[in-house]
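Residue numbers (this note's numbering): 31 to 184.
Pasting the structure below:
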């Protein structure tokens, strides 16, 4: 995506950052996600692993599930997923399985990033779907949220 679309990416990433802030308020790592279809947010979620006591309750998984319900399809064609932090292998796999065509994320994840940092599940041509990735959108804001969260826990 060119510079023309960058302000739009920032707008939706700010909404994802709001979801991340909500996650932090209930003790979860502050990661947020939103799914956009034709310029409209159709799903949003923040991490809820602690809240739900579930290893599957990552922001992306929650947003993907909600989007699938809203679209009445497991194929999330023509959507864009915005996430404050690079998806892990589980979430990257779900993104591929949902056929999401475009992922936009903020901060890279040096420990579990599966959209280019450690692995690139999202663009592995051996899989049945590859997608466009835009990284680094409002990364500083995402990193600041994460840093603040972990500093208060140490």
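Ideal placement from N, C-alpha and C gives every residue a C-beta, glycine not left out.
Taking only the alpha-carbon atoms, compute the straight-line gap between residue i and residue j and give it to the nearest angstrom.
i	j	result
residue 176	residue 71	24 Å
residue 33	residue 151	Reliability of the predicted coordinates at residue 33 is poor, the pLDDT of 44 falling under 50, and the value obtained from them is presented with this limitation in mind. The straight-line gap from Cα to Cα measures roughly 26 Å.
residue 165	residue 102	28 Å
residue 181	residue 45	23 Å
residue 63	residue 88	9 Å
residue 129	residue 154	13 Å
residue 109	residue 162	11 Å
residue 179	residue 49	14 Å
residue 31	residue 147	For residue 31, the predicted structure reports a pLDDT of 38, less than 50, and the residue's modelled location is therefore unreliable. A value from the coordinates is still provided. Whole-angstrom Cα-Cα distance: 20 Å.
residue 106	residue 60	24 Å
residue 158	residue 67	22 Å
residue 131	residue 125	9 Å
residue 104	residue 160	16 Å
residue 184	residue 139	20 Å
residue 43	residue 156	29 Å
Please determine, among the options, the residue with the shortest C-alpha to C-alpha distance to residue i.
i	options	result
residue 134	111, 123 and 183	111
residue 86	69, 117 and 109	117
residue 76	114, 98, 107 and 66	114
residue 83	38, 142 and 56	56
residue 149	126, 36, 42 and 119	119
residue 38	140, 69 and 51	69
residue 127	100, 139, 94 and 138	94
Identify the residues that DSSP records as bridge partners of residue i: which are they?
i	result
residue 132	110 and 162
residue 62	76
residue 51	None; residue 51 has no bridge partner.
residue 70	67
residue 145	150
residue 137	115
Considering only the beta carbon of each residue, do residue i and residue j sit closer than 8 Å?
i	j	result
residue 122	residue 96	no
residue 143	residue 172	no
residue 90	residue 53	no
residue 81	residue 168	no
Unbroken beta strand (DSSP E) runs of length 3 or more, entirely within the segment 76-120: which are they? 109-115
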